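Quick note, the sequence shown lines up with residues -13 to 61 if you use the numbering used here.
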Amino acid sequence: MEPAFRVRFEAPPVARTPAERLLATCDLHEVAIAQITARLRRENPAIIASEIDAAVRRWLAGGDPGPGRPRTWSG
C-alpha cells in the first residue's frame, strides 16, 4: 500500500563533520514530526495539540504509534 505522500529529503552535498551529520539528522527528525502531525490532523481534524504531542513523544520513545500503525511512519 502506497503512502498518501512522500517527503523527499536531500542531504547536504557533503556531510563529513559530526556537526554536518547532526544537522542532517535534525532535519530528518523535523520531517518525521511534520509527517506524524499531518497524518493525525488529516485523520482527526478536531485533534488537540496535547494529543499530537503525546503521539509524537510516544513515537520518538519507540512506543506504539497507534492502532494499526507500523513503527515507521511514511506519511
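Note that beta-carbon positions come from the ideal geometry of N, C-alpha and C, so glycine has one too. Note that the structure is predicted; figures quoted are calculated from it, not measured.
{"Item": "If I measure Cβ to Cβ from I19 and keep anything under 7 Å in the same chain, skipping five residues before and after, which residues do I get?", "Value": "V42"}
{"Item": "Determine, using beta carbons only, whether T23 and I34 come nearer to each other than 9 Å.", "Value": "no"}
{"Item": "Along the chain, where does the alpha helix (DSSP H) containing R25 start, and where does it finish?", "Value": "4 to 29"}
{"Item": "Along the chain, where does the alpha helix (DSSP H) that runs through I38 open and close?", "Value": "35 to 46"}
{"Item": "Classify R28 as buried or exposed, calling it buried when 16 or more other Cβ atoms lie within 10 Å of its own Cβ.", "Value": "exposed"}
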